Amino acid sequence: MPTDGDIFELLRLELRRGSLILAVLGQLRREHYGYTLRKALGDAGVEIDEGALYPMLRRLESQGLLESEWREEEKRNKRFYRLSGQGQDVLARLTLEWRTLNAAITDILEGDA
Amino acid sequence: MDDLIRRYVAAVGRQLPAKQAADIQAELMDELASRVEEREAQLGRPLTRADVEALLVEFGNPLLVAGRYRKTQHLIGPEVFPFWWATLKVVFLIALVAYAGTVAVNLALDRPAEELKQVVPPVAIVVVYLFGLITLVFAAFERFGKTTWLLDWKPARLPPARGKRRSRFDLGLDAVMNLIFLAWWFGLIHFRDLIPAPQQQAVWVEMAPVWAAWRWPIAVYSAWQIAADVVGVVRPDRVRLYTGLVIGHCLFGIAILSQILAAGHWLAVGGSQIPAATLPKLQAGFDIGMRAGIVLTMIGLAVRAGLEGWRGYRAAQADRLAVAA
Numbered sequence: 007m008p009t010d011g012d013i014f015e016l017l018r019l020e021l022r023r024g025s026l027i028l029a030v031l032g033q034l035r036r037e038h039y040g041y042t043l044r045k046a047l048g049d050a051g052v053e054i055d056e057g058a059l060y061p062m063l064r065r066l067e068s069q070g071l072l073e074s075e076w077r078e079e080e081k082r083n084k085r086f087y088r089l090s091g092q093g094q095d096v097l098a099r100l101t102l103e104w105r106t107l108n109a110a111i112t113d114i115l116e117g118d119a
Numbered sequence: 023m024d025d026l027i028r029r030y031v032a033a034v035g036r037q038l039p040a041k042q043a044a045d046i047q048a049e050l051m052d053e054l055a056s057r058v059e060e061r062e063a064q065l066g067r068p069l070t071r072a073d074v075e076a077l078l079v080e081f082g083n084p085l086l087v088a089g090r091y092r093k094t095q096h097l098i099g100p101e102v103f104p105f106w107w108a109t110l111k112v113v114f115l116i117a118l119v120a121y122a123g124t125v126a127v128n129l130a131l132d133r134p135a136e137e138l139k140q141v142v143p144p145v146a147i148v149v150v151y152l153f154g155l156i157t158l159v160f161a162a163f164e165r166f167g168k169t170t171w172l173l174d175w176k177p178a179r180l181p182p183a184r185g186k187r188r189s190r191f192d193l194g195l196d197a198v199m200n201l202i203f204l205a206w207w208f209g210l211i212h213f214r215d216l217i218p219a220p221q222q223q224a225v226w227v228e229m230a231p232v233w234a235a236w237r238w239p240i241a242v243y244s245a246w247q248i249a250a251d252v253v254g255v256v257r258p259d260r261v262r263l264y265t266g267l268v269i270g271h272c273l274f275g276i277a278i279l280s281q282i283l284a285a286g287h288w289l290a291v292g293g294s295q296i297p298a299a300t301l302p303k304l305q306a307g308f309d310i311g312m313r314a315g316i317v318l319t320m321i322g323l324a325v326r327a328g329l330e331g332w333r334g335y336r337a338a339q340a341d342r343l344a345v346a347a
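From first to last, the protein sequence lines stand for chains P and B.
Okay, so the first sequence: first residue is 7 according to the working numbering, each after it adds one.
Okay, so the second sequence: first residue is 23 according to the working numbering, each after it adds one.
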């Protein structure tokens with residue numbers, strides 16, 4: 007029997023899943039490699055597990071939303087990601103969708119039931 | 023310490039597609055090296071082997087980490103799952119009936135347990151085989167994206183909301199039973215194993231010649247039932263057609279039975295150990311039983327036709343009222 011805590015955690019993960027992609031795309035308007043991207047997201051208040059982050063980066067790149075290149079930095083080869091032209095377009099549309107949804111949900115939550 | 027990280031990254035790489043493995047491994051190696059540096063900065067000392075082990079455990083099982091890079095994350099997704107589950111239930115139910123029937127027949131024949139095991143496979147094997155086969159078929163639909171036909175449906179073909187309806191399983195089972203009957207009726211299958219030959223019995227009962235004259239009408243009667251069952255399963259929305267078929271089937275059955283009833287003699291009884299004086303009485307007893315059975319069947323068919331007609335009339339009235347409203 008799942009506890010209230012289990013149910014909350016499950017729902018919290020579901021709620022965050024879609025918004026993480028938006029956060030990653032938004033953060034990659036500036037170039038990052040995996041580790042600094044995760045740190046930047048964490049500093050902004052969006053914790054993301056690397057087990058989820060790296061496959062997501064691969065998927066977004068295969069969808070044409072990100073570009074990447076290997077470069078040496080701090081004596082190590084690192085893969086740098088940034089938003090592609092198509093990614094910028096998709097990010098703009100997703101941002102609009104996010105704001106509309108956010109406003110609607112805020113109205114629902116703050117309005118009279 | 024580096025050895026542990028290299029072993030970990032290699033373990034992940036072994037689970038990845040060959041084309042991507044080197045690239046992903048290089049990226050993981052950098053991520054882990056960055057983590058080690060971060061942890062060392064926090065602790066103010068180099069990491070011990072135990073620290074690295076803890077860090078890798080935290081990072082995740084190599085199989086799980088590699089699995090997240092796979093394009094396919096599930097065997098059967100949420101869209102296909104309900105169809106897979108419904109099919110599994112129906113197939114298991116049919117298999118259960120078939121299994122129970124086979125076991126019952128073999129037990130009735132008093133076959134030894136060893137012989138029974140040769141005829142009937144263990145239930146666990148049947149269950150696993152069916153589960154595997156159905157899952158493979160649906161996983162193939164999921165994998166190759168051939169799911170549109172599953173999701174394609176027409177609201178107009180849904181059965182009416184009101185009124186009792188026979189379940190699809192019930193209709194399907196009825197059709198299968200009639201197919202078995204037809205196969206037996208035309209001699210394609212025999213039940214000789216179940217019923218020993220007449221000469222081997224103290225008392226034997228055979229069908230009288232009257233039935234031969236009704237060979238084709240009875241076959242049509244059975245095929246008619248199959249047609250009605252198929253309409254009920256495939257087009258549950260065609261209530262009038264189904265009702266018409268059932269009523270027609272019942273009336274046709276009454277017509278056949280009324281003619282057969284006139285024969286007055288339906289079963290031939292005999293037996294080597296029956297005294298000659300007893301045989302006519304036994305024959306008369308069987309004929310009385312058959313007459314009662316035929317009359318009761320005719321009454322049953324008439325009641326069913328009447329009920330179906332009444333339900334059809336009520337449904338049509340409800341439709342008219344709904345349209346008027």
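All C-beta atoms, glycine included, are put in the ideal place defined by N, C-alpha and C.
Keep in mind the model is a prediction, meaning the values are calculated, not measured.
Report yes if the CB atom of residue i is closer than 8 Å to the CB atom of residue j, and no otherwise.
i                      : j                      : result
residue 265 of chain B : residue 328 of chain B : no
residue 285 of chain B : residue 242 of chain B : no
residue 313 of chain B : residue 255 of chain B : no
residue 117 of chain B : residue 148 of chain B : yes
residue 71 of chain P  : residue 93 of chain P  : yes
residue 92 of chain B  : residue 73 of chain B  : no
residue 11 of chain P  : residue 53 of chain B  : no
residue 331 of chain B : residue 278 of chain B : no
residue 210 of chain B : residue 153 of chain B : no
residue 230 of chain B : residue 301 of chain B : no
residue 98 of chain B  : residue 161 of chain B : yes
residue 240 of chain B : residue 207 of chain B : yes
residue 117 of chain P : residue 82 of chain B  : no
Here's the rule I'm using: 16 or more other beta-carbon atoms within 10 Å means buried, otherwise exposed. How should residue i be labelled?
i                      : result
residue 96 of chain B  : exposed
residue 34 of chain P  : buried
residue 200 of chain B : buried
residue 85 of chain P  : buried
residue 84 of chain B  : buried
residue 20 of chain P  : exposed
residue 44 of chain P  : buried
residue 247 of chain B : buried
residue 171 of chain B : exposed
residue 44 of chain B  : exposed
residue 64 of chain P  : buried
residue 14 of chain P  : exposed
residue 119 of chain B : exposed
residue 151 of chain B : exposed
residue 183 of chain B : exposed
residue 30 of chain P  : buried
residue 216 of chain B : Only weak support is given to the placement of residue 216 of chain B: the predicted model assigns it a pLDDT of 48, under 50, and the question is left unresolved by the model.
residue 323 of chain B : buried
residue 50 of chain B  : buried
residue 107 of chain P : exposed
residue 273 of chain B : exposed
residue 97 of chain P  : buried
Considering Cα atoms alone, identify which of the options is closest to residue i.
i                      : options                       : result
residue 267 of chain B : B:174, B:326 and B:298        : B:326
residue 177 of chain B : B:258, B:250 and B:28         : B:258
residue 166 of chain B : B:282, B:94, B:45 and B:331   : B:94
residue 80 of chain B  : B:58, B:186 and B:142         : B:58
residue 55 of chain B  : B:289, B:250, B:324 and B:30  : B:30
residue 245 of chain B : B:174, B:188, B:275 and B:102 : B:275
residue 26 of chain P  : P:37, P:75 and P:61           : P:61
residue 100 of chain P : P:16, P:32 and P:59           : P:32
residue 228 of chain B : B:292, B:101 and B:322        : B:292
residue 321 of chain B : B:49, B:204 and B:280         : B:280
residue 53 of chain P  : P:18, P:102 and P:75          : P:18
residue 48 of chain B  : P:117, P:77, P:91 and P:104   : P:77
residue 100 of chain B : B:307, B:173 and B:295        : B:173
residue 157 of chain B : B:198, B:105 and B:204        : B:105
residue 68 of chain P  : P:90, P:80, P:111 and P:109   : P:90
residue 73 of chain P  : P:37, P:95, P:23 and P:106    : P:37
residue 304 of chain B : B:287, B:64 and B:137         : B:287
residue 55 of chain P  : P:22, P:107, P:111 and P:113  : P:22
residue 75 of chain B  : B:143, B:25, B:112 and B:63   : B:25
residue 237 of chain B : B:193, B:204 and B:64         : B:204
Would you mind giving the Cβ-Cβ distance between residue i and residue j, rounded to the nearest angstrom? I have them listed as a contact below 8 Å.
i                      : j                      : result
residue 27 of chain B  : residue 38 of chain B  : Contact doesn't hold; Cβ gap of about 17 Å is too wide.
residue 316 of chain B : residue 282 of chain B : 7 Å
residue 260 of chain B : residue 253 of chain B : 6 Å
residue 34 of chain B  : residue 102 of chain B : 29 Å between Cβ atoms; not a contact.
residue 197 of chain B : residue 251 of chain B : 4 Å
residue 145 of chain B : residue 124 of chain B : Actually they do not touch by this definition, with Cβ atoms about 11 Å apart.
Applying a beta-carbon distance threshold of less than 8 Å, which residues of chain C neighbour residue i?
i                     : result
residue 57 of chain P : Of the chains in the structure shown, none is chain C; the protein chains are P and B.
Threshold first: 3 residues or longer. Then list the beta strand (DSSP E) segments lying entirely within the stretch 7-95 of chain P, N to C. The qualifying runs are 72-79 and 82-89.
Which residue spans inside the stretch 186-272 of chain B form an unbroken alpha helix (DSSP H) run of at least 4? Within the stretch 186-272 of chain B, the runs of alpha helix (DSSP H) that reach at least 4 residues and sit entirely inside it are, in chain order, 190-207, 232-235 and 237-256.
If we require 4 or more residues per run, which alpha helix (DSSP H) segments fall completely within the stretch 137-170 of chain B? Runs found: 145-166.
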